[in-house]
Amino acid sequence: MPAFGVLLGLVLGLLLGGSLDNVIAVRLRWLPVLIMSAVGLIILDAVLSAGAIPDSRRLWLIVPAYLLLALALLANRSRPGLTAAALGTAANGIAIVVNGGWMPVWQPSLAAAGINPNTIHSGFHR
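As numbered in the numbering used here, residues 56 to 181 make up the sequence shown, in order.
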């Protein structure tokens with residue numbers, strides 16, 4: 056799902072007159088950490104969904120990835136929106152830690168969105 060958000064953002068930016076040259080010109084601090092943690096979380100989501108990681112180890116893999124991502128985003132807080140992204144990432148990480156390595160999903164929100172809880176097959180959400 057995160058990859059879809061990035062792709063959607065790029066497509067919308069291009070449709071609204073943006074340029075890939077503008078994206079390439081942006082200089083970010085801690086770029087390798089930012090990329091590794093973001094890609095790591097995408098891979099971790101796939102591995103968790105496949106059931107390849109025991110529940111006893113999931114928290115120890117998720118916490119460092121979220122922490123590194125939040126720190127890398129915070130290192131770039133001078134860029135518009137990245138402070139909010141860092142705070143949102145940190146908030147998600149805290150919710151995951153409090154819930155033992157799972158991202159909680161509130162049942163009424165699923166109902167309001169018209170989503171049947173039985174159709175969600177995620178190794179990440181509960």
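Positions of the beta carbon are idealized from the N, C-alpha and C atoms, including for glycine. In this text, all values refer to a predicted model and were calculated from it rather than measured experimentally.
The bridge partners DSSP lists for Met158 are His180. When the beta-carbon positions are compared, Trp161 and Arg181 stay at least 7 Å from each other. Contact annotation: the stretch 165-178 touches the stretch 91-106, with at least three C-beta pairs closer than 8 Å. Between Ala130 and Trp85 the beta-carbon gap is near 5 Å, inside 8 Å, which marks them as a contact. Taking the CA atoms as reference points, Gly148 sits about 32 Å from Gly73. Beyond the five residues adjoining it in sequence on each side, Val78 comes within less than 8 Å, by CB distance, of Leu65 and Gly68 in the same chain, given in chain order. For Ile108, same chain residues with a beta-carbon under 7 Å away, outside a window of 5 residues either side, are Val102 and Leu116 in chain order. Of the other Cβ atoms in all chains shown, 16 or more fall within 10 Å of the Cβ of Arg113; this residue is therefore buried. In the three-state reduction of the DSSP assignment, Leu83 falls in the coil class.
In this structure Ala127 is in contact with Leu89, their Cβ atoms being roughly 4 Å apart against a cut-off of 8 Å. Burial of Ala141 is indicated by the presence of at least 16 other C-beta atoms within 10 angstroms of its C-beta. When only Cα atoms are considered, Leu123 and Ile170 end up about 32 Å apart.
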